[in-house]
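> Numbered by the working numbering, the letters in the sequence shown go through residues 748 to 863 in order.
Glycine included, each C-beta is placed from N, C-alpha and C at the ideal position.
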Amino acid sequence: MAIQRFENGPRMSRVVVHNDTVYLAGLTADATVGKSVGEQTKEILDKIDGLLKQGGTDKSKLVQAVIWLQDIRVVDEFNKVWDAWVVPGQTPARACIEARLQSPAKMIEIQVTAAR
């Protein structure tokens with residue numbers, strides 16, 4: 748059983764594929780740091796789309812998502828963007844929790860796992 752790794756570095760790989768499962772590392776915003784959680788979410792979800800494609804899958808095959816919010820009070824704003832992005836009827840198991848992130852300007856981190 749081969750393991751494929753994409754965008755790997757000394758500390759982590761952004762995408763790991765094992766059998767028919769694609770694991771993504773937790774992703775945060777870059778271009779929209781300091782902007783709203785909605786803008787940061789859109790940027791991260793675009794990254795997820797691209798990384799899932801590298802792994803040979805897409806968002807219709809998500810099985811799990813973990814979302815960390817710097818401030819849980821912005822969950823409604825996050826959910827508006829998330830709900831518009833996920834495939835209806837194909838939503839993953841999900842956890843959404845409040846946590847301190849790398850910096851106060853990074854409002855959200857998202858990690859997903861998908862089938863191929």
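1. Name the residue from R758, A861 and D767 whose alpha carbon lies nearest to the alpha carbon of M946.
2. Leaving out five residues on either side along the sequence, give the residues of the same chain with a beta carbon under 8 angstroms from the beta carbon of K794.
3. What whole-angstrom Cβ distance do V769 and G797 have, given they're in contact under 8 angstroms?
4. Suppose contacts are defined by Cβ-Cβ distances below 8 angstroms. Is V762 in contact with Q811 by that definition?
5. Start and end of the beta strand (DSSP E) containing I844?
6. Please classify V764: is it buried, with 16 or more other beta-carbons within 10 angstroms of its beta-carbon, or exposed?
7. Compute the Euclidean distance between the alpha carbons of I791 and F825, then round it to the nearest angstrom.
8. What are the residues that DSSP puts in a beta bridge with Q801?
9. Does DSSP put R761 in a helix, in a strand, or in coil?
10. Distance, Cα to Cα, I857 vs E754?
11. Quick one: what does DSSP say V833 is sitting in, helix, strand or coil?
Judging by the given coordinates:
1. Any property of residue 946 remains undetermined from this structure, which presents the chain solely from 748 to 863.
2. L774
3. Contact doesn't hold; Cβ gap of about 12 angstroms is too wide.
4. no
5. Segment A840 to E845, the beta strand (DSSP E) holding I844.
6. The residue is buried, with at least 16 neighbouring Cβ atoms inside 10 Å.
7. 11 angstroms
8. None; Q801 has no bridge partner.
9. In this structure, R761 counts as strand in the three-state DSSP scheme.
10. 17 angstroms
11. coil
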